[in-house]
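Here is the structure we will look at, set down as structure tokens.
Residue numbers (full-length UniProt numbering): 1 to 323.
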């Protein structure tokens, strides 16, 4: 052991050191404490058991007053701004009761200190928030069963039925159309289909038909009538006639039947059935063609005018339809 290590401590002395780590407080109201370190005289014999270093609490500052701003933590920026706005000096900060976490000063504490809000407002709000932070399930009750809903009687919606219809038909011969078709082919060598004649006649016949009694005038038409215009009595149609042609039946030659002499003498000779007409007996296009329309009741006049126009276009100079 060196001489310096063997050098005895000259005196018995006691010093106070402020430590920065936390110490267990001796009472709930303790807020700060200092410890005294006792140094024993060198080479002094002491029995085993007593500690060399003893820490005792001296100068204990205890207080049961309201907690103020904890000096360990700085002030919140919002609190500093409020103190500056209200002109509160730093010397009065320790006098303001603090209700924040870990003893920090809040804006509510400053406002309560200057009397802007009730003095108990910060503490009451803190207790309220503490209460609301826990979910209270003590008032839960089983909901009463809901009464069965009474179903309203089902009202059947009226079924919209289409208006009754009526059929209008006109017999039209296509002999003139077939004749014009043949002449065009002989003249320019082009066969114009029969459907072209029918489509062109349908388009022309649909123009300016008598107005249906079921149609209602539009808002523009009513406005024009107020201004003195004549009511519109015609409207374009969209009819497409159905064509039912009476087809000629093919000729079936009858089988020769041998006559029995007994049937001839007894007068039981069977009568011959009438022979069916062959296609040669009817010239091309002479068969009756029925153009028909199915329209709602009340539109018979409109449909009749359309069919009459089609008949006129197909029987009187049908060549104008394609030339």
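The beta-carbon is built from N, C-alpha and C at its ideal position, and this holds for glycine as well.
Note that the coordinates shown come from a computational prediction; the quantities given were computed from them, not determined experimentally.
Inset, instruction - Quickly, what does DSSP pair residue 291 with across the bridge? List them, please. - result: Beta-bridge partners of residue 291 (DSSP): 170, 243.
Inset, instruction - Report, in whole angstroms, the separation of the C-beta atoms of residue 291 and residue 172, which I expect to be a contact under 8 Å. - result: Going by Cβ atoms, the distance from residue 291 to residue 172 rounds to 5 Å, so yes, they are a contact pair.
Legend entry - When 122, 228, 125 are compared against residue 220, the one with the closest alpha-carbon: When only C-alpha atoms are compared, the closest one is 228.
Inset, instruction - Grab me the residues of residue 295's own chain with a C-beta within less than 6 Å of its C-beta, minus the 5 sequence neighbours each way, in chain order. - result: Around residue 295: 303.
Legend entry - Buried or exposed (CB count within 10 angstroms, at least 16 for buried), residue 135: The C-beta of residue 135 has fewer than 16 other C-beta atoms within 10 Å across all chains shown, which makes the residue exposed.
Inset, instruction - Answer yes if the stretch 68-87 comes into contact with the stretch 99-107, meaning at least three C-beta pairs across the two stretches below 8 Å, and no otherwise. - result: Enough Cβ pairs lie closer than 8 Å, so yes.
Legend entry - Classification of residue 197 by the beta-carbon crowding that lies within 10 angstroms, buried from 16 upward: Looking at its Cβ environment, which holds 16 or more other Cβ atoms inside 10 Å, residue 197 is buried.
Legend entry - Span separating the alpha-carbon of residue 137 from that of residue 157: The straight-line gap from Cα to Cα measures roughly 51 Å.
Inset, instruction - Count the other C-beta atoms from every protein chain shown that fall within 10 angstroms of the C-beta of residue 324, then say buried if there are 16 or more, exposed otherwise. - result: This structure leaves residue 324 out entirely; the chain is present only between 1 and 323.
Legend entry - Through-space distance from residue 108 to residue 32, alpha-carbon basis: Because the pLDDT of residue 32 is 45, which lies under 50, any placement of that residue in the model is unreliable, and the number read from its coordinates should be weighed accordingly. If you draw a straight line from the Cα of residue 32 to the Cα of residue 108, it is about 26 Å long.
Inset, instruction - Alpha carbon to alpha carbon, how far is residue 308 from residue 297? Give it in angstroms, no decimals. - result: Approximately 19 Å between the Cα atoms of the pair.
Inset, instruction - For the stretch 122-130 and the stretch 86-94, state whether three or more C-beta atom pairs, one from each stretch, are separated by less than 8 Å. - result: No, because fewer than three Cβ pairs between the stretch 122-130 and the stretch 86-94 fall closer than 8 Å, the two stretches do not touch.
Legend entry - According to DSSP, residues forming a beta bridge with residue 122: Note: residue 122 sits in no beta bridge, so no partner.
Legend entry - Proximity of residue 86 and residue 117 at Cβ, strictly below 7 Å: Not a contact, by the Cβ cut-off of 7 Å.
Legend entry - Completely contained alpha helix (DSSP H) runs for the stretch 148-234, where each covers 4 or more residues: Complete alpha helix (DSSP H) runs here, min 4: 175-188, 194-205, 219-226.
Inset, instruction - State yes or no: is the C-beta of residue 319 within less than 7 Å of the C-beta of residue 180? - result: Pairing residue 319 with residue 180 gives a Cβ-Cβ distance under 7 Å.
Inset, instruction - Go through its chain and collect everything with a Cβ distance to residue 280's Cβ below 7 Å, but skip five positions before and after it. - result: Any reading at residue 280 must be qualified, since the residue scores a pLDDT of 36, below 50, and its modelled position is unreliable; the value itself is stated next. Around residue 280: no qualifying Cβ.
Legend entry - Boundaries (first-last residue) of the alpha helix (DSSP H) holding residue 114: First-last of the alpha helix (DSSP H) with residue 114: 107-114.
Legend entry - Rounded straight-line distance, which links the Cα of residue 155 to that of residue 146: Going from the Cα of residue 146 to the Cα of residue 155 covers about 26 Å.
Inset, instruction - Report yes if the C-beta distance between residue 299 and residue 195 is below 7 Å; otherwise report no. - result: In this structure, residue 195 does not lie closer than 7 Å to residue 299 by Cβ.
Inset, instruction - Can you have a look at residue 110 and say buried or exposed, based on whether 16 or more other CB atoms are within 10 angstroms of its CB? - result: Per the 10 Å Cβ criterion, buried.
Inset, instruction - Look at residue 168 and residue 293 and say whether their C-beta atoms are less than 7 Å apart. - result: Yes, Cβ-Cβ distance for residue 168 and residue 293 is below 7 Å.
Legend entry - For residue 74, the residue or residues it bridges with in DSSP: Bridge partners of residue 74 according to DSSP: none are assigned.
Legend entry - residue 206 to residue 234 span [Cα, whole Å]: One C-alpha to the other measures close to 11 Å.
Inset, instruction - Please state if the CB of residue 201 and the CB of residue 316 are separated by a distance shorter than 7 Å. - result: No, the Cβ-Cβ distance between residue 316 and residue 201 is not below 7 Å.
Inset, instruction - Determine the extent of the alpha helix (DSSP H) in which residue 313 is found, giving its start and end residues. - result: In the DSSP assignment, residue 313 falls within the unbroken alpha helix (DSSP H) covering 300-315.
Inset, instruction - Taking all protein chains shown into account, decide if residue 153 is buried (16 or more other Cβ within 10 angstroms of its Cβ) or exposed. - result: Per the 10 Å Cβ criterion, exposed.
Legend entry - Residues bridged to residue 97 (per DSSP): Residue 97 is bridged to 68.
Legend entry - Euclidean distance between Cα positions of residue 192 and residue 321: Their Cα atoms are separated by approximately 11 Å.
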